[in-house]
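Chemist: Numbered per my numbering, the sequence shown spans residues 1203 to 1550.
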Amino acid sequence: RAGSRAAEAAPPHPAEDRLFRGAGRPPTMSAELLQLLQACLEPTARQAAEARLAEAEGRDAAQFMLLCAGVLRDRQARAQVRQLAGLQLKNAVCARERGPRARQLARRWHAVDPAVKSQIRAAALETLLDPGEACVRRVAALCCSRIGAVDVPAGAWPEAIPSLATLTNSSEVPSQVAEDAMRTLGFLAEEWQSHLVQDISVRRPAEQGVAAALQGLHSASLAMQIAAAKAIHAMLPFASLPQLQGDDARDACALLAAILRHCGSSAPEDLRREALQCLACAVPRCYRHLGAALKAMVEGCLDQVAAASDSVVVHAIEVWTTLAEHELQLLRGPGHGECQRLAGGAFP
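#1: Quick one: any contact between the stretch 1237 to 1257 and the stretch 1268 to 1288, if contact means 3 or more CB pairs under 8 Å?
#2: Do E1476 and A1508 have their C-beta atoms closer together than 9 Å?
#3: Skipping 5 residues on each side, what residues in its chain have a beta carbon closer than 8 Å to that of V1521?
#4: Suppose contacts are defined by Cβ-Cβ distances below 9 Å. Is L1327 in contact with C1346 by that definition?
#5: Helix or strand or just coil, what does DSSP make of D1453?
#6: With a 10 Å radius around its C-beta and 16 neighbouring C-beta atoms as the bar for buried, classify V1319 as buried or exposed.
#7: Under a three-way DSSP split, which group does S1442 fall into?
#8: Excluding five sequence neighbours on each side, which residues of the same chain lie with their C-beta closer than 7 Å to the C-beta of L1268?
#9: Quick test of your reading: L1492 and L1419, contact by CB under 8 Å. State the CB separation rounded to the nearest angstrom.
#10: Looking at the structure shown, is T1329 part of a helix, part of a strand, or coil, going by DSSP?
#11: Give the single residue among Q1427, D1401 and A1324 whose Cα lies nearest to the Cα of I1461.
#12: What's the call for H1397, buried or exposed, on a 16-neighbour Cβ count within 10 Å?
#13: Over what stretch of residues does the alpha helix (DSSP H) that includes R1277 continue unbroken?
#14: To the nearest angstrom, how far is it from the Cα of E1529 to the Cα of C1541?
#15: On the DSSP letters alone, give me the boundaries of the alpha helix (DSSP H) that P1364 sits inside.
#16: Please give the ranges of any alpha helix (DSSP H) in the stretch 1360 to 1440, keeping only runs that are unbroken, at least 4 residues long and fully inside the region.
#17: Report the residue ranges of all alpha helix (DSSP H) runs contained in full by the stretch 1261 to 1328; include only those spanning at least 4 residues, in chain order.
#18: Below 8 Å, can you find three or more Cβ-Cβ pairs linking the stretch 1403 to 1415 to the stretch 1379 to 1390?
#19: In terms of alpha-carbon separation, which member of A1380, I1402, F1440 and E1393 lies closest to S1423?
#20: So, for A1225: in the same chain, excluding its five sequence neighbours on each side, which residues have a beta-carbon less than 6 Å away from its beta-carbon?
#21: Mind checking S1468: buried by the 16 CB within 10 Å criterion, or exposed?
#22: Rounded C-beta distance between R1275 and T1329? I'm assuming under 8 Å.
#23: Helix, strand or coil for T1246, going by three-state DSSP, please let me know.
#24: Determine the direct distance from the alpha carbon of V1399 to that of G1350, and round the result to whole angstroms.
#25: Please report the distance separating the alpha-carbon of G1301 from that of K1497.
#26: Beta-carbon within less than 7 Å of L1331's beta-carbon, same chain only, minus the 5 sequence neighbours each way: which residues are those?
#27: Here's the rule I'm using: 16 or more other beta-carbon atoms within 10 Å means buried, otherwise exposed. How should D1353 be labelled?
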């Protein structure tokens, strides 16, 4: 049993007694944590086990998170137990939505010893490499994104995006690992949105994420293409990408072309849906260079109106409402001379 192996791995340490104080002979921390997580899977024991876990977190949050990270990484433990450990870790780092609780937990995480945080981050990233358990990789992705929501804006984890980007484009890892690394980029940007992170705090990491996702769009794997489109949609609002608005149309056209090639009726519907959302997001950011892509935009969106399901048609329409709204803002503001009146002239 996983709990028995962990219990035999190391002798008790005085800090362990402080973290898990229960009735009877004090076991090692890792063994106790495994037992409590396993108890959470039993309906009759779950409430008491969850209370013990909450007590342990309150007693020594840093050590508790480190132990949870260790269980998450342990490939000998049951998948369900590893999932629970990951969820405990994710929720201990920070809350999902911005508010007093999230700020309190973020301050607590910032106060954790840097060496301990480094071990926790490494455990979450290592778990992403587990080729055998998709559910565990998904929880590890959520852990990485929650940690990144706190650390990346603070400049405390500069290697986060480069590490994930390397995994997305590595031939040395299984395809499912690369795909989950790409999903992690999208999850991370969604966490930034939930915590109202200012784009100036994550601009460079977001640009790195968009670059990695653009490579993913050219993958032969449908799962990777969908994950990459989602990542672009989530990351793009945080990336300044000044070259997209500059005089050089190359980068803007490359971005639009990569997205548009998946908007046509020949692409699977799930991919078309995500690509159209990306296109709507890219429209105001690439506006100066939309003229060259306008014909392809019209053809791609008309294809959806004629043949696609309602969920895809909605996003095709969103592309043009976004363009129209952007041009209205230009006409009403000091930049009215920059309006190209593309929306009105796009359709015969």
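Note that the Cβ used here is the ideal one computed from N, Cα and C, for glycine as well.
Modeler: Quick look at the numbers:
#1: yes
#2: no
#3: L1478, L1481, A1482, V1485, M1499 and C1503
#4: yes
#5: Three-state result, D1453: helix.
#6: A small fix is needed here, since residue 1319 is Lys in this sequence, not Val. By the neighbour-count rule (16 or more Cβ atoms within 10 Å), K1319 is buried.
#7: coil
#8: Answer for L1268: V1318, Q1321 and I1322, listed in chain order.
#9: Going by Cβ atoms, the distance from L1492 to L1419 rounds to 19 Å, so no, they are not a contact pair.
#10: helix
#11: When C-alpha distances from I1461 are compared across Q1427, D1401 and A1324, the shortest belongs to Q1427.
#12: buried
#13: From DSSP, R1277 is part of no alpha helix (DSSP H); its letter is neither H nor E.
#14: Looking at the two C-alpha atoms, the distance is approximately 6 Å.
#15: A1362 to T1370
#16: Unbroken alpha helix (DSSP H) stretches of 4 residues or longer found wholly inside the stretch 1360 to 1440: 1362 to 1370, 1377 to 1396, 1401 to 1419 and 1424 to 1437, given in chain order.
#17: 1263 to 1275, 1281 to 1295 and 1302 to 1313
#18: yes
#19: A1380
#20: Residue placement at A1225 cannot be trusted, given a pLDDT of 37 that sits under 50; what the coordinates show is reported in the next sentence. Hits under 6 Å: none found.
#21: exposed
#22: 5 Å between Cβ atoms; contact.
#23: coil
#24: 11 Å
#25: Straight-line Cα distance between these residues: approximately 45 Å.
#26: V1375 and V1379
#27: buried
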